[in-house]
Amino acid sequence: MAGDQKPPNAGGPGDVPSGAGQGWTALSYLIAGMLVWGFIGWLVDGWLDTGGIATGIGIVLGMAGGVILVIRNLGTPK
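Residue numbering for the sequence shown follows the numbering used here, starting at 3 and increasing by one per position.
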């Protein structure tokens with residue numbers, strides 16, 4: 003009956019996705035960090051003419067930042 007149905011969970015800012023959602027969230031953090039910081043490193047390479055060193059550093063920093071975000075947001079159950 004229509005009155006017996008529960009409304010769908012709208013979710014909130016503190017909700018942690020479960021199952022495959024956590025995997026996709028972790029993967030998106032890692033890829034986005036690598037792309038964003040790699041792009042910033044590429045811009046620095048063009049500006050300072052460092053021959054790709056800043057791009058590599060940016061990618062590594064992006065991966066580290068992605069891992070930190072995964073641990074902070076998904077690592078500890080609430």
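Glycine included, each C-beta is placed from N, C-alpha and C at the ideal position.
Given this structure, state the Cα-to-Cα distance separating residue i from residue j, to the nearest angstrom.
i: Leu32; j: Gly53; result: 24 Å
i: Val72; j: Gly40; result: 19 Å
i: Gly35; j: Gly64; result: 4 Å
i: Val38; j: Gly77; result: 23 Å
i: Val62; j: Val46; result: 15 Å
i: Ile55; j: Trp49; result: 12 Å
i: Ala28; j: Gly58; result: 21 Å
i: Gly23; j: Ser30; result: 10 Å
i: Ala66; j: Gly25; result: 17 Å
i: Asp51; j: Ile70; result: 30 Å
Would a C-beta distance cut-off of 8 Å place residue i and residue j closer than the cut-off?
i: Gly43; j: Gly68; result: no
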